[in-house]
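Here the structure comes first, spelled out in structure tokens, and everything after it is commentary.
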Amino acid sequence: MSTPKSLSRSPSSTICATTLVSSLLTVQTSGRGFTDLSAEIAKFLKDARAKEGAMTLFIRHTSASLTIQENADPTVLEDLTTALDRLAPEDAGWRHDTEGPDDMPAHVKTMLTATSLHIPVLKSELMLGAWQAVYLIEHRARPHHREVVLQFAGVTG
Amino acid sequence: MSTPKSLSRSPSSTICATTLVSSLLTVQTSGRGFTDLSAEIAKFLKDARAKEGAMTLFIRHTSASLTIQENADPTVLEDLTTALDRLAPEDAGWRHDTEGPDDMPAHVKTMLTATSLHIPVLKSELMLGAWQAVYLIEHRARPHHREVVLQFAGVTG
Amino acid sequence: MSTPKSLSRSPSSTICATTLVSSLLTVQTSGRGFTDLSAEIAKFLKDARAKEGAMTLFIRHTSASLTIQENADPTVLEDLTTALDRLAPEDAGWRHDTEGPDDMPAHVKTMLTATSLHIPVLKSELMLGAWQAVYLIEHRARPHHREVVLQFAGVTG
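Residue numbers (this note's numbering), protein chains in the order written: chain X, 15 to 171; chain D, 15 to 171; chain L, 15 to 171.
Structure representation (structure tokens):
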């Protein structure tokens, strides 16, 4: 472990937080792969007139998941798929195989990535970094209907 | 990456969020394995009269963790245990071995899964999907006393 | 799966939650490794006069991430680095290699750990366990300038 060489913190902003805005996002995936949800989340926050607070995403499934990853070079997403396939291969002798060879690897991949994400919102903007996008990862081979709960908690106006 | 083929969002609900309810859940595990916390969380939310908001779970340990996984076929949990054992085997030549061969793998497994979860609550219901349960995963071989902070933030009544 | 052998929950505390305090923490890393953010977070909460609520951390990058891990034996952090290197080795034939051999493994390691953390605050204290510290993990070989959004939501005074 290294201790911080240099570490600075901006002045804090303080505000009264009072509003909850919730919605259910339905995504039809086209089988294994990444779906970028960033624009839809930005639209949700704009519709909610969100100013300051935090955005929660929660996916209601155990064979699809969420991640925040690079939005620039599409080979990153290909490599992430390869990495997950290596960490949870189909031919690993899983006991749970009644739903097809891609099902148990999908559960493992979901466990290793995220089911819920929590992203701060400041000055009406989601605080994603310049190279970050929010993705839904479909881990099943076939297309699925997926539900993601969107929730903003904070100040609107 | 694929772009959404079809994507729909329900109308948003907006509400004033004002209450925090916090509690410490103590779980005595019986050694390596999964403990389903879903019923206890539902009871906590009912006792809190939670209506709309979000539920946070935070585990205060580094050799046990949280995950949301399938609640139907118990072989899924067996396979998840196998997957974690393969990703962090006991005989991998870890340097940290003073607390036994199962300790360092337990830290790795904790890092790869979740320490905190954030789950929306709508219409007095935790928004888990039909096949989702919230599990504490004990990664140590022996039974342990584990603490999980439960916190609801939102509207009660 | 095992069902809880013994499970107890403390009485709940209920409180009105109204304040949001947000800040941007800038961390200059010295290359691959762990940076302990716990003291800085405690200072942020003290400056904010945080009493009860929850602390969110969000890292604005896809080749550095967050984790909560053991704060006692430094060999744990060395072994965690080894574990991540094994799960995402540099010589795995990644397609995305324009930013150097350490870049794609850094994205995979970020996906497998956390981008956001949510930690309850009770009685003015972050509810970390005795052996827990909050770490930023730099996955790139060279030093980087990293940004972490800190946000407290709850009661101050």
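Heads up, the beta-carbon is just placed ideally off N, CA and C, and yes, glycines get one too.
Nothing here was measured: the structure is a model prediction, and the numbers come from that model.
8 Å Cβ cutoff, residue i in contact with chain X
{"i": "L/A144", "result": "no"}
{"i": "L/E54", "result": "yes"}
{"i": "D/D50", "result": "no"}
{"i": "L/S36", "result": "yes"}
{"i": "L/L39", "result": "yes"}
{"i": "L/L126", "result": "yes"}
For residue i: DSSP bridge partner residues
{"i": "X/I151", "result": "X/F48, X/S79"}
{"i": "L/F175", "result": "An answer regarding residue 175 of chain L cannot be provided, because it is not within the stretch 15 to 171 covered by chain L."}
{"i": "L/P134", "result": "L/A68"}
{"i": "D/V41", "result": "D/R160, L/L21"}
{"i": "X/L140", "result": "X/V135"}
{"i": "D/E113", "result": "According to DSSP, D/E113 bridges with nothing at all."}
{"i": "D/A128", "result": "D/L80"}
Nearest to residue i (by Cα), restricted to the options the options
{"i": "L/I133", "options": "L/L126, L/T127, L/M141", "result": "L/M141"}
{"i": "D/V135", "options": "D/I55, D/M69, D/R154, D/T170", "result": "D/M69"}
{"i": "X/T124", "options": "X/V163, X/D99, X/G171", "result": "X/D99"}
{"i": "D/L34", "options": "D/A53, D/T76, D/V41, D/E66", "result": "D/E66"}
{"i": "D/E54", "options": "L/T32, L/S22, L/N85", "result": "L/S22"}
{"i": "X/H159", "options": "X/P25, X/T32, X/L38, X/A167", "result": "X/L38"}
{"i": "D/H153", "options": "D/A64, D/T96, D/Q83", "result": "D/T96"}
{"i": "X/T40", "options": "X/F166, X/L59, X/L131, X/I73", "result": "X/I73"}
{"i": "L/S79", "options": "X/F58, X/E139, X/Q83", "result": "X/Q83"}
{"i": "X/G143", "options": "L/L150, L/A147, L/V163", "result": "L/V163"}
{"i": "D/F58", "options": "L/D61, L/N85, L/S77, L/S24", "result": "L/S24"}
{"i": "L/T129", "options": "L/L71, L/V148, L/P119", "result": "L/L71"}
{"i": "X/T81", "options": "X/T170, X/K137, X/V169, X/T127", "result": "X/T127"}
Residue-chain proximity (residue i, chain D), Cβ-Cβ < 8 Å
{"i": "X/T129", "result": "yes"}
{"i": "X/A102", "result": "yes"}
Min CB distance residue i to chain L below 8 Å
{"i": "D/E66", "result": "no"}
{"i": "D/H110", "result": "yes"}
{"i": "D/M69", "result": "no"}
{"i": "X/I73", "result": "no"}
{"i": "D/E84", "result": "no"}
{"i": "X/P157", "result": "no"}
{"i": "D/V135", "result": "no"}
{"i": "X/V162", "result": "no"}
{"i": "D/T173", "result": "In the structure as shown, chain D begins at 15 and stops at 171. Residue 173 of chain D is therefore absent and cannot be evaluated."}
{"i": "X/D87", "result": "yes"}
{"i": "D/A97", "result": "no"}
{"i": "X/H153", "result": "no"}
{"i": "X/R63", "result": "no"}
Residue i at chain A interface by Cβ criterion, 8 Å
{"i": "L/T32", "result": "No chain A appears in this structure, whose protein chains are X, D and L."}
Distance cut-off 7 Å: residue i Cβ against heavy atoms of the ligand NAP
{"i": "D/V148", "result": "This structure simply doesn't include the ligand NAP, nor any ligand for that matter."}
Stretch pair the region 37-47 of chain L + the region 98-106 of chain X: three plus CB contacts closer than 8 Å = no
Touching or not, the region 91-99 of chain L and the region 78-92 of chain X, by the rule of three or more beta carbon pairs under 8 Å?
-> no
Please go through the region 80-110 of chain X and give each complete alpha helix (DSSP H) segment of 4 or more residues, from N-terminal end onward.
-> 88-101
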